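Asker: Each protein sequence line maps, in turn, to chains A and B. Take the first sequence: its letters are residues 42 to 381, numbered as in our numbering. Take the second sequence: its letters are residues 42 to 381, numbered as in our numbering. We treat Cβ as the ideally placed atom computed from N, Cα and C, and that holds for glycine. Treat the numbers as computed from the prediction; the structure is a model and nothing was measured.
There are 2 protein chains.
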Amino acid sequence: MTKSKNLTMSDIARLAGVSEATVSRALKNSELINKETRLRVQAIAREHNYKVNTAARNFRTQKTHTLAVVLLVDKEWGHEVSDAFLMVLLGSIADEAAHHGYDLLLSTNPHDIDDLADYYIDSKRADGLIIIGQGRNDPRLDRLAESGRPFIVWGAEMPEHDYITVGSDNRKGAYEAVSLLVRNGRTRIAFMGDARHPEMEHRLDGYSDALRDAGIPFDANLIIPTDFSRSDGYMKTDHIILDPTFKCDAIFAVSDNIALGVMKRLAEAEVKVPEEIAIVGFDDNPLAVFATPGITTVRQDIRLGGKLLVRNLIDIIDGKTVGHVAMPVEVIVRESCGNA
Amino acid sequence: MTKSKNLTMSDIARLAGVSEATVSRALKNSELINKETRLRVQAIAREHNYKVNTAARNFRTQKTHTLAVVLLVDKEWGHEVSDAFLMVLLGSIADEAAHHGYDLLLSTNPHDIDDLADYYIDSKRADGLIIIGQGRNDPRLDRLAESGRPFIVWGAEMPEHDYITVGSDNRKGAYEAVSLLVRNGRTRIAFMGDARHPEMEHRLDGYSDALRDAGIPFDANLIIPTDFSRSDGYMKTDHIILDPTFKCDAIFAVSDNIALGVMKRLAEAEVKVPEEIAIVGFDDNPLAVFATPGITTVRQDIRLGGKLLVRNLIDIIDGKTVGHVAMPVEVIVRESCGNA
DNA sequence: TTTTATATTGCAATCGATTGCAAAGAGGCG
DNA sequence: CGCCTCTTTGCAATCGATTGCAATATAAAA
Chain A
42 MTKSKNLTMS DIARLAGVSE ATVSRALKNS ELINKETRLR VQAIAREHNY
92 KVNTAARNFR TQKTHTLAVV LLVDKEWGHE VSDAFLMVLL GSIADEAAHH
142 GYDLLLSTNP HDIDDLADYY IDSKRADGLI IIGQGRNDPR LDRLAESGRP
192 FIVWGAEMPE HDYITVGSDN RKGAYEAVSL LVRNGRTRIA FMGDARHPEM
242 EHRLDGYSDA LRDAGIPFDA NLIIPTDFSR SDGYMKTDHI ILDPTFKCDA
292 IFAVSDNIAL GVMKRLAEAE VKVPEEIAIV GFDDNPLAVF ATPGITTVRQ
342 DIRLGGKLLV RNLIDIIDGK TVGHVAMPVE VIVRESCGNA
Chain B
42 MTKSKNLTMS DIARLAGVSE ATVSRALKNS ELINKETRLR VQAIAREHNY
92 KVNTAARNFR TQKTHTLAVV LLVDKEWGHE VSDAFLMVLL GSIADEAAHH
142 GYDLLLSTNP HDIDDLADYY IDSKRADGLI IIGQGRNDPR LDRLAESGRP
192 FIVWGAEMPE HDYITVGSDN RKGAYEAVSL LVRNGRTRIA FMGDARHPEM
242 EHRLDGYSDA LRDAGIPFDA NLIIPTDFSR SDGYMKTDHI ILDPTFKCDA
292 IFAVSDNIAL GVMKRLAEAE VKVPEEIAIV GFDDNPLAVF ATPGITTVRQ
342 DIRLGGKLLV RNLIDIIDGK TVGHVAMPVE VIVRESCGNA
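This is how it looks when you write it as structure tokens:
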């Protein structure tokens, strides 16, 4: 632990008896410098615990080697910051960014996303933006796209949007989830979720597709608008329990959180899951396996998602063309869907 | 949306007919500059969508106005990145940092925390470090403290450590949780947790204090080493169920996650909660209220914790002296503790 | 009217690393 | 021996904002 104050490159240059230019090149292992010199300079730098001043480098190179992650988790539509998936995604993004030599700036609840682009990109804090929380077709993202700044969004591809996304194959996931319920003999399958949200819209499409392919007519009464939260799942379940005209034998919930809320309410009302009502969720929340009964769900590969967000954003920054990603999903069968 | 390339301060100076120095001062609203001039310069800057180049400023001022958050979530001792509390803490830290004009760098699973101090502080990426995940008396933190770099740790104060912490009053929380069980007539109260972890050591102290004050002898057989995970809570419950010589009428779990795992296992074994075994957890995990029965728990004010971490770290960076913080906790009574 | 105090603004050095270009040295070839 | 090539290193400009100090203008005091 050398307690010496901060050395600069010129100190190292003096110690090694070479110029600053040589030190700079040696430290990045440039072929321009004789191997012997290179190693000597590197050894001296290490010995004196010298670290390149990133602020100076960023300034000179006009690159920050930093990505900014913006969490647009809007209480309004019931997403909570505490969602397990957020943290997993964030962790994966952080790991992948580090792996590519990028630092990660984090921002939550920005007052204004327009300012945000200014704040991060124009003022040279970050080279690109990862937006998590597509919201309900947020027009601010479209404006961001117009401005031409490098960014990428976690969520669903929508033809009317002009930005790149990474997300799961929500349509296919929902299709398979609902088909599973159908195979288990369920015919009146409720949909709980908020279809105004792009990802959920795709899940609703998958739900419809599955019913159609099974020859089951679509019934709008079975669509129960629900936000992402456990509490809203809990509350909207009243509708199912208390309305005597409402009949369903299964529920497809667009998130495990909703499913957890539903199951809590059903348990209180002594409705048996899966015997009376079967349930399939989405996300494979770590809790899904610990609920009683275990929740059958659609697993997203969130860690892969984080990696792809980073890789593709870096490609965008580097001026390459990248496409949307809809990652494969996997149905995880537990007890709640009524499988044998 | 001006698509103009990046303006510099000298552009604004030219447009305003003043010097760069004046622009610089005007933009930070310095009293040195005539109010009229100030407003005019600000207006021009706004009009042209000029943003100060942070890289240049940081370089010149030798301050980064950035804090680095390091997540030391070690799978080894069962903490999962997906823990709800992590995300809440992180969100609160991010908000508070933004409020103080600091950016937030995020890093998870660093290879080496020593390098980390170099990486962030010495190479001028951040002004200070927030460490989350104190671990089992991590010696690396002690080394970090020796090096004199500004940092702060979420966790528990231990006399043998030479760094500043922010955390909850774990001892008091545990004391009240266990006292509640005692008041409900329980006398054989198991402790589930890993006392090698500083925060848990304090909770064990609180547990012991409560028993002592209630005149109940401490029984080492009732201490069940358990890591932080739901799954370990689930597994260690076997001990309670399957060992015929083991008798307890209540469990104090050092985290709600453990409590959830325990309850899952007890439900499978058809042990009634709270009638046969009462349970109190810790954290007030958002799930605690959604478990059946709802889990009585000790709530930590995590959002406040995040704020204090940031404020105190900034004080440390500014050279002020700050003390440890043990935030007040609150027992949240639900059904699992067997209250009337 | 001269002097002094005050309010504004500008000059110019500075932060530390990077990089295009030039220069010096080493070796090869005719 | 002279010319050319290739390797290795150094020179010096540059990135953009900040700030101590000096300079100027303006007002107040003598």
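Given that B/Asp159 touches chain A, what residues does it touch there, using C-beta distances under 9 Å?
Answerer: Chain A residues near B/Asp159: Asn90 and Lys92.
Asker: How should B/Pro239 be labelled, buried or exposed, when 16 other C-beta atoms within 10 angstroms of its C-beta is the threshold for buried?
Answerer: Classification of B/Pro239: buried, given that the 10 Å Cβ count is 16 or more.
Asker: Are the C-beta atoms of B/Pro315 and some chain A residue less than 9 Å apart?
Answerer: With 9 Å as the cut-off, B/Pro315 does not count as an interface residue toward chain A.
Asker: Flag this pair as touching only if the stretch 253 to 261 of chain A and the stretch 307 to 320 of chain A have three or more C-beta atom pairs under 8 Å; answer yes or no.
Answerer: Taking 8 Å as the limit for Cβ pairs, the verdict is that the stretch 307 to 320 of chain A does not touch the stretch 253 to 261 of chain A.
Asker: With a floor of 3 residues, list each beta strand (DSSP E) that falls wholly inside the stretch 86 to 152 of chain B, ordered by position along the chain.
Answerer: DSSP runs (the beta strand (DSSP E)) wholly in the stretch 86 to 152 of chain B: 107 to 112 and 144 to 149.
Asker: Flag this pair as yes or no: are the beta carbons of A/Val339 and A/Ala218 separated by less than 9 Å?
Answerer: Yes.
Asker: Is the number of C-beta pairs between the stretch 204 to 215 of chain A and the stretch 154 to 169 of chain A that are closer than 8 Å three or more?
Answerer: Segments in contact, no.
Asker: Rounding to the nearest angstrom, what Cα-Cα distance links B/Val303 and A/Ala329 in this structure?
Answerer: Going by the C-alpha atoms only, they are around 15 Å apart.
Asker: Strictly below 7 Å CB to CB, what residues from chain A border B/Ser1?
Answerer: It is not possible to answer for residue 1 of chain B, since the shown part of chain B is limited to 42 through 381.
Asker: Counting only beta-carbon atoms, is A/Glu61 nearer than 9 Å to chain B?
Answerer: It does not: the Cβ of A/Glu61 has no partner Cβ on chain B nearer than 9 Å.
Asker: Let me check you understand the geometry: is the CB of B/Asn47 closer than 8 Å to at least one non-hydrogen atom of the ligand NAP?
Answerer: As far as ligands go, the structure on display features none, and thus does not contain the ligand NAP.
Asker: I'd like to know if B/Lys44 contacts chain A, where contact means its C-beta is closer than 9 Å to some C-beta of that chain.
Answerer: Residue placement at B/Lys44 is flagged as unreliable, the pLDDT there being 43, under the threshold of 50; the coordinate-derived value follows with that caveat. Chain A contact via Cβ: present.
Asker: What does DSSP give as the partner residue(s) for B/Pro266 in the beta ladder?
Answerer: The partner list for B/Pro266 (beta bridge, DSSP) reads B/Gly234.
Asker: Got a sec? Which residues, its chain only, sit under 8 Å from B/Ile231 by beta carbon, not counting five neighbours each side?
Answerer: In the sequence on display, residue 231 of chain B carries Ala and not Ile. Once the five neighbours on either side are set aside, the close Cβ partners of B/Ala231 are Leu263, Ile264, Ile265, Ile281, Cys289, Ala291, Ile292 and Phe293.
Asker: Would you mind giving the Cβ-Cβ distance between A/Val295 and A/Gly234, rounded to the nearest angstrom? I have them listed as a contact below 8 Å.
Answerer: Right, their Cβ atoms sit about 3 Å apart.
Asker: Go ahead and pull the three-state DSSP assignment for B/Ser164.
Answerer: Coil, per DSSP.
Asker: Within 9 Å (strictly less), CB to CB, does A/Ala367 reach chain B?
Answerer: For A/Ala367, the answer is no, since every Cβ of chain B falls outside 9 Å of its Cβ.
Asker: Please report the distance separating the alpha-carbon of A/Leu185 from that of B/Met128.
Answerer: Distance between the alpha carbons of A/Leu185 and B/Met128: 26 Å.
Asker: What whole-angstrom Cβ distance do B/Ser278 and B/Leu307 have, given they're in contact under 8 Å?
Answerer: Looking at the sequence shown, residue 278 of chain B is not Ser but Thr. About 6 Å separates the two Cβ atoms, so the contact holds.
Asker: Comparing the C-beta of B/Val110 with each C-beta of chain A, is any distance below 9 Å?
Answerer: Chain A, which has a Cβ nearer than 9 Å to the Cβ of B/Val110, makes this yes.
Asker: Measuring alpha carbon to alpha carbon, tell me which of A/Ile162, A/Met368 and A/Leu130 ends up nearest B/Leu147.
Answerer: Considering only alpha carbons, the answer is A/Leu130.
Asker: List the endpoints of the continuous beta strand (DSSP E) containing A/Met241.
Answerer: No beta strand (DSSP E) holds A/Met241; the alpha helix (DSSP H) holding it covers Pro239 to Ala255.
Asker: Does the CB of A/Pro327 have a neighbour CB from chain B at under 9 Å?
Answerer: Cβ-Cβ to chain B under 9 Å: yes for A/Pro327.
Asker: In this structure, does DSSP put A/Ser71 in helix, strand or coil?
Answerer: Coil.
Asker: Indicate whether B/Val93 and A/Ser164 have their beta-carbon atoms separated by less than 9 Å.
Answerer: Closer than 9 Å, so yes.
Asker: Excluding five sequence neighbours on each side, which residues of the same chain lie with their C-beta closer than 6 Å to the C-beta of A/Ala135?
Answerer: The answer, listed in chain order, is Leu145.
Asker: Assuming A/Ile173 is part of the beta strand (DSSP E), what are its boundary residues?
Answerer: Taken as a continuous stretch (DSSP letters only), the beta strand (DSSP E) holding A/Ile173 covers Gly169 to Ile173.
Asker: Measuring alpha carbon to alpha carbon, tell me which of B/His365, B/Ser377 and B/Gln103 ends up nearest B/Pro200.
Answerer: The shortest C-alpha separation from B/Pro200 is found at B/His365.
Asker: Rounded to whole angstroms, what is the Cα-Cα separation between B/Ala158 and A/Phe100?
Answerer: If you take the alpha carbons of B/Ala158 and A/Phe100, they lie about 21 Å apart.
Asker: Using the rule of at least 16 other Cβ atoms within 10 Å of the residue's Cβ for burial, across every protein chain shown, is A/Ser209 buried or exposed?
Answerer: Looking at its Cβ environment, which holds 16 or more other Cβ atoms inside 10 Å, A/Ser209 is buried.
Asker: What does A/Asn47 reach in chain B if we use C-beta pairs closer than 8 Å?
Answerer: What A/Asn47 touches in chain B: Asp163.
Asker: With B/Glu61 and B/Lys348 assumed to form a contact (beta carbons below 8 Å), what rounded beta-carbon distance in angstroms separates them?
Answerer: Actually they are not in contact, since the Cβ atoms of B/Glu61 and B/Lys348 sit about 37 Å apart, beyond 8 Å.
Asker: Please confirm whether A/Arg237 and A/Asn178 have their CB atoms less than 9 Å apart.
Answerer: Contact: yes.
Asker: Distance, Cα to Cα, A/Ala67 vs A/Arg352?
Answerer: Rounded to whole angstroms, A/Ala67 to A/Arg352 spans 28 Å at the Cα level.
Asker: If you follow the beta strand (DSSP E) that B/Arg340 is part of, which residue opens it and which one closes it?
Answerer: B/Arg340 -> beta strand (DSSP E) spans Thr338 to Arg340.
Asker: Any beta-carbon of chain A closer than 9 Å to the one on B/Tyr204?
Answerer: Not closer than 9 Å to any Cβ of chain A, the Cβ of B/Tyr204 fails to qualify, so no.
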